[in-house]
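Here is the structure we will look at, set down as structure tokens.
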Amino acid sequence: MKQILAVLIDNAVTYTVERDTILLRGHCKKNRLWLEVEDHGPGIPEDKKKEIFERFYREDKSRKDKTHFGLGLSIAKELTVLHGGA
Numbered sequence: 001m002k003q004i005l006a007v008l009i010d011n012a013v014t015y016t017v018e019r020d021t022i023l024l025r026g027h028c029k030k031n032r033l034w035l036e037v038e039d040h041g042p043g044i045p046e047d048k049k050k051e052i053f054e055r056f057y058r059e060d061k062s063r064k065d066k067t068h069f070g071l072g073l074s075i076a077k078e079l080t081v082l083h084g085g086a
């Protein structure tokens, strides 16, 4: 669970402009934990929302950032599924 949250927070921090707000929410419902991370970054186009969970997918291919490789959300999704989430 820590790894999932770390990926989501890292992603939010990466794509949110400096000094903007990142909101973390969590609650339990029917013995399940629900986590939500909200940022004010550029967002994801509707037609790309399923692709962001594919390995090595990066929305902005022109970024020269060599510390992110498009694996984080894919790993977070796999860990979520392993824990019974969707």
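Counting in UniProt numbering, the sequence shown runs from 1 upward without gaps.
Virtual Cβ for every residue (Gly too), placed ideally from N, Cα, C.
Since this is a predicted model, take the numbers as computed values, not measurements.
- In the DSSP assignment, V81 falls within the alpha helix (DSSP H) that extends over G72 to L82.
- Within its own chain, the residues whose Cβ lies closer than 8 Å to the Cβ of L71, once the five positions on either side in sequence are excluded, are R55 and F56, listed in chain order.
- Excluding its 5 nearest sequence neighbours in each direction, L79 has C-beta neighbours in its own chain below 7 Å: Q3 and I4, listed in chain order.
- Secondary structure at E54: coil, using DSSP grouped into helix, strand and coil.
- By the criterion of a C-beta distance shorter than 8 Å, V7 is surrounded in its chain by G72, L73, I75 and A76, once the five residues flanking it on both sides are discounted.
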